[in-house]
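Written below as structure tokens is the structure these notes are about.
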Amino acid sequence: MVLVLAIGDLHIPHRAPDLPPKFKSMLVPGKIQHIICTGNLCIKEVHDYFKTLCPDLHITRGEYDEDSHYPENKTLTIGQFKLGICHGHQVIPWGDLDSLAMVQRQLDVDILVTGHTHQFKAYKHEGGVVINPGSATGAFSSFTYDVNPSFVLMDIDGLRVVVYVYELIDGEVKVDKIDFKKTATASAH
Amino acid sequence: MRAFDELKRLELFFKDDSKHGVSVVDLYELVQHAGNILPRLYLLCTVGSIYIKSKEAPAKEVLKDLVEMCRGVQHPIRGLFLRSYLAQISRDKLPDIGSEYEGDADTVMDAVDFVLQNFTEMNKLWVRMQHQGPGGVREKREKERSELQDLVGKNLHVLSQIEGVDLEMYKETVLPRVLEQVVNCKDDLAQYYLMDCIIQVFPDEYHLQTLETLLGACPQLQPTVDVKTVLSRLMDRLSNYAASSADVLPEFLQVEAFSKLSNAIGKVIEAQLDMPAVGAITLYVSLLTFTLRVHPDRLDHVDQVLGACVKKLSNIPKLEDSRAMKQVVALLSAPLEKYNDIVTALTLSNYPRVMDHLDIGTNKLMAMVIIQSIMKNNSCISTADKVEVLFELIKGLIKDIDGADVDELDEEDFKEEQNSVARLIHMLYNDEPEEMLKIICIVRKHTMVGGPKRLPFTVSSLVFSALRLLRQLQGQEGDIVGEEASMTPNKNFQLLTQIIESLSAVPSPELALRLYLQCAEAANGCDIEHVAYEFFTQAFVLYEEEIADSKAQVTAIHLIIGTLQRMNVFGVENRDTLTHKATGYSARLLKKADQCRAVYACSHLFWVDDQDGIKDGERVLLCLKRALRIANAAQQMANVARGSGGPVSLFVEILNKYIYFFEKGNKQITSSAIQGLIELINTEMQSDSTNPDSVADAFLASTLRYIQFQKQKGGVMGEKFESIKL
């Protein structure tokens, strides 16, 4: 059981002052093995905070990030899964699942984690799964007037990944989960 | 002390009548014939102890006798130890209420008298130590005296333990007499120690009820006595007492504790003109802690204390003592911690005045404390006038204050400060659009004078605040009464433009471009075409004139394309103009690969999946073909320049785009075109077999797999893909 936190689009301090207190109290150091961050933190303080939660931190660049040296995209392997990260402002049309599927094929990954739209998505297609953890602070988004703070926790176990999405709705944290199974042949390259 | 132990054995011996056969009375008489006075008196006390125990004489008489006889030893140290011995042995023999020694004639009063007398004499001896011996060894003497202070203090402790000493007796007899001695002895060491002793030893309820008397003694003490510490400790004790239980609070009100303490402090500060600032402020901190614990709802008290502090600080030309500064910070932090709600602190009229007296560094420190308090408590400041007060308080962070040396400030610290201000802006919020607009205008007024160093931090927060307001307005559309026309979306957009324009002073073109695009999307949401067009114009101008870095250009053009793709407010002409510009700039990026990608991204500008969205298949294909040409050129350039293949993956990307539009139903894209493209890619890859590009290989493989998958879907999709032969 490997826990991976997928989180992003916090937009601190430009659009939000901080993570919601209820999320902060849930995110405790030492429980998570990897953090995947889609970008738009935007300041070093947030980076440092994530580092305290887990030293294995992978970040890609969002268009408002202070640190312009984050990579445009990144791939990594966790257990049996290949994961790819890309903020998503580079993929036009924004939020278009077919275009994101192309990026997934290009990066050759089972799971693509992406952001930018501030809307949670977990979408299975022929080539794998696209996950958008939404905005952890519920930051202003031109995509929707209704942004609930959210983040995703993935539990990777063998060929199976359980995606837990945590959403703050009307002051309460609601959890949902989705199961994905990978067929062993899918990644035979 | 060992002698005392020996005397105990002697006492036991004396006690046992049978051993020596002399009666106690006689023994009492006998020992007085001892030659030297000191041993004589020790023996007398020892026998006296047994005498009392034997009850052959009333306790009070023996005690009176003893305490008087001890006068015979006037040598300070010897006298002190002797009387200490007397106190020790008499302790359990006092005629207290309920004690076995209480008789018809013996009362608590006698016990009290005895202890008080012993105390008085001991104090006199103790003070006399100061004047003994040559003048040069004052420190040594003071040290000696300090070591013996508890001998004197013990008497007070005994007094506090006497059951019969109730509040009445304490008030009428004990305290006045003790204070009399304290004041009259005119010795600063004794006065300080004894005042403190009184405070520590007697119960807090007593102190409350005798507050006036106790405080009245303070001005009468020697000027060198550290009265402020005494008062601080008293207030701390009383604060703790108040915190211990809610039942005691009415008592505080009844005795008007606050005003008495406040007056006493005022008198002390007035009397000691050369008291250093840190001392006075420490007193105020103690008083403030006191009132926050005891009367938290009395904000006027808090304000009063702050006001007194302002007065004191005004008399000092420039406060440079860092300890004093720390105390002022403690003074200002206390209400924040207590009330957990910045709004309460903002109502204290003297609060900003105190802050004005801080030096610039401390002022900024305090401003950060305030902001952190707001963040920690998740406070929301919701009225314009409170926002105004708040920004006055933190003005040290917002702008350059005269005399401040901005260059001195560490860059990290500066960033932290400004980010805090940026975060703070999101804590200012009101549901009512009118009030919210006022708040935004106030924040703008303060932040616009921050200067080029600060603007990049604060402008973004302000812009997004205003964009949120716009949505609030939209939500209320239809409810707006005529007079509130001051907040039309147009006015809002004008405000936004002005705010973003200020970034040109920094300059910050990349940020400004992003913000203009955000505003364009907002204008799209409000259905105001010309405003949206204007924002795009601004964005393009910045792109053309200010953004020269190639990497920045790539991101910027993608942001423009991405935003434009989502616009549905533009009519044909405007849309065409902007699309033309976007594709033009895409094709003129520096690197061929970047050009290619931006151009095929532009293909989406001609195809929007919405119901009314544009679906111009021809122009989509034109874009893709253009992208293909660029990819070819890139390939050729690489062959010439490096002798090996270039970015084959570009072709695969374009192939994916062909498939995308094919799926969406673009009739201009045929299955044969797709097949042709696949063959082209295969050719390119084979010709480059010396330098296999595994990434592109995998990409192509997964793309082909996708086509296969679609074929096997069956139905309409299956039929479509049927025609593609792999």
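Line order of the protein sequences matches chains A and B.
Heads up, the first sequence is in the UniProt record's numbering, so the first residue is 1 and it goes up one at a time.
Heads up, the second sequence is in the UniProt record's numbering, so the first residue is 1 and it goes up one at a time.
Note that beta-carbon positions come from the ideal geometry of N, C-alpha and C, so glycine has one too.
A quick note: this is a predicted structure, and the numbers were derived from the prediction, not measured.
The beta-carbon of A:P17 is placed less than 8 Å from the nearest beta-carbon of chain B. Membership of A:N132 in the beta strand (DSSP E) is indicated by the continuous run G128 to N132. In the displayed model, A:V4 falls within a strand according to three-state DSSP.
Neighbours of A:I92 in chain B, taken as residues whose beta carbon is under 8 Å from its own, are H558, I561, G562, Q565, A601 and H604 in chain order. Around the C-beta of A:H89, 16 or more other C-beta atoms lie within 10 Å, and the residue is accordingly described as buried. In the DSSP assignment, A:D155 falls within the beta strand (DSSP E) that extends over S150 to D157. Residue-level contact check: B:F540 does not touch chain A, since none of the beta carbons of chain A fall below 8 Å from its beta carbon.
Counted as a single uninterrupted DSSP element, the beta strand (DSSP E) harbouring A:C86 occupies residues F81 to C86. By the criterion of a C-beta distance shorter than 6 Å, B:H357 is surrounded in its chain by L313, once the five residues flanking it on both sides are discounted.
Just measuring C-alpha positions, the residue of A:G8, A:V4 and A:L3 sitting nearest A:H118 is A:G8.
Between the segment 106 to 118 of chain B and the segment 158 to 177 of chain B, the count of C-beta pairs closer than 8 Å reaches three or more; the two stretches touch. Residues of the segment 646 to 664 of chain B with a C-beta less than 9 Å from any C-beta of chain A: S649, V652, E653, N656, K657, I659, Y660, E663 and K664, listed in chain order. B:V569 and B:G525 have their C-alpha atoms roughly 8 Å apart.
Shortest Cα-Cα distance from B:R514 to any of B:H295, B:S23, B:A539 and B:I269 involves B:A539. Residue burial is scored here from C-beta neighbours: A:M102 has at least 16 other C-beta atoms within 10 angstroms and is therefore classed as buried.
Ranked by Cα distance from B:I561, the first of B:L517, B:A593 and B:A523 is B:L517.
For B:K60, DSSP assigns no beta-bridge partner whatsoever. As DSSP reads the structure, A:F180 sits in a beta bridge with A:V161. Straight through space, the alpha carbons of B:F651 and B:T583 are spaced by roughly 19 Å. Taking a Cβ-Cβ threshold of 8 Å, the residues of chain A close to B:A422 are P13 and H14, in chain order. Along the segment 127 to 148 of chain A, the positions whose C-beta sits under 9 Å from a C-beta of chain B are G127, A139, F140, S142, F143 and Y145, read in chain order.
If you draw a 10 Å sphere on the C-beta of B:K453, you find fewer than 16 other C-beta atoms in it, and that means exposed. Looking at B:F290, B:D297 and B:T447, the one whose alpha-carbon comes closest to that of B:L331 is B:F290.
Close CB contacts of B:R83 within its chain, under the 7 Å cut and outside five residues either way in sequence, are with C70, N118, E121 and M122 (chain order). Where B:Y706 is concerned, the enclosing alpha helix (DSSP H) starts and stops at S694 to K711. Contact residues of the segment 668 to 699 of chain B toward chain A are V695, A698 and F699 (C-beta to C-beta distance below 8 Å).
Residue state for A:E172 is assigned as strand, using DSSP reduced to three classes. At a cut-off of 8 Å between beta-carbon atoms, B:R619 makes no contact with chain A.
In this structure, the alpha-carbon of B:P223 lies about 22 Å from that of B:V285. Taking 8 Å as the threshold, the shortest C-beta distance from B:E501 to chain A does not fall below it. Beta-bridge partners assigned by DSSP to A:A122: A:I131.
Pairing A:H87 with A:T38 gives a Cβ-Cβ distance under 8 Å. Close to A:Y123, with beta-carbon spacing below 7 Å, lies no residue of chain B; the smallest spacing is near 15 Å. If you look at A:V113, you'll find it in the beta strand (DSSP E) that goes I111 to T114. Bounds of the beta strand (DSSP E) holding A:H34 are H34 to C37. By the beta-carbon neighbour count (other beta carbons within 10 angstroms, threshold 16), B:M637 is exposed.
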